[in-house]
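Beneath this line is the structure, given in structure tokens, with notes to follow.
In the working numbering, the protein residues as written are 13 to 195.
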């Protein structure tokens, strides 16, 4: 039990490392107001900086999966660790409980857990991004397709649970952003 508590705390704090904010202290006042690699790219037009932000955020997901396996070693630990990391990224204690959406972190976790799904997921999201020209809409439209894709690929049950919970966390923030845009 103590290992689960330690895992959740460490995963939250790993996820809460404010990468984009450290590169741009005004990231919350620009673009979507989101602390993530995509908003960093859109507002700073710096591909090298964006790649650094994206890679560091993805490495947070990789680290959390490795930590989950080391401390507890169960599928449930991976699910809880990644969700705690996403919550940490979305609501970072270091910067007033603001943050991003945790997408790069989730992609880092997927890189270890299901790399083929990560490639296919990226293709689906990019397709909808090119169609809609809006990253929020592309993400929201992609979620049901990704859940079907995970089912068709016969991914392990724990992955479906993690995907559903992550999608809920991620889409909840995106809906708020989309509603604000429509006002």
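Where is the CB? At the ideal position from N, CA and C, for every residue including glycine.
Contact annotation: residue 26 and residue 75 have beta-carbon atoms nearer than 9 angstroms.
The beta carbons of residue 29 and residue 90 sit no closer together than 9 angstroms. Here the alpha carbons of residue 126 and residue 169 stand approximately 12 angstroms from one another. In the three-state DSSP reduction, residue 110 falls in the strand class (E or B).
Residues of the same chain with a CB within less than 6 angstroms of the CB of residue 101, apart from the 5 flanking positions on each side, are 27, 111, 112, 114 and 117 in chain order.
When the beta-carbon positions are compared, residue 104 and residue 94 stay at least 9 angstroms from each other. Residue 104 carries a strand assignment under DSSP once its states are collapsed to helix, strand and coil. In this structure, the CA atom of residue 33 is about 20 angstroms from the CA atom of residue 22. One Cα belongs to residue 141, the other to residue 13, and the distance between them is close to 42 angstroms.
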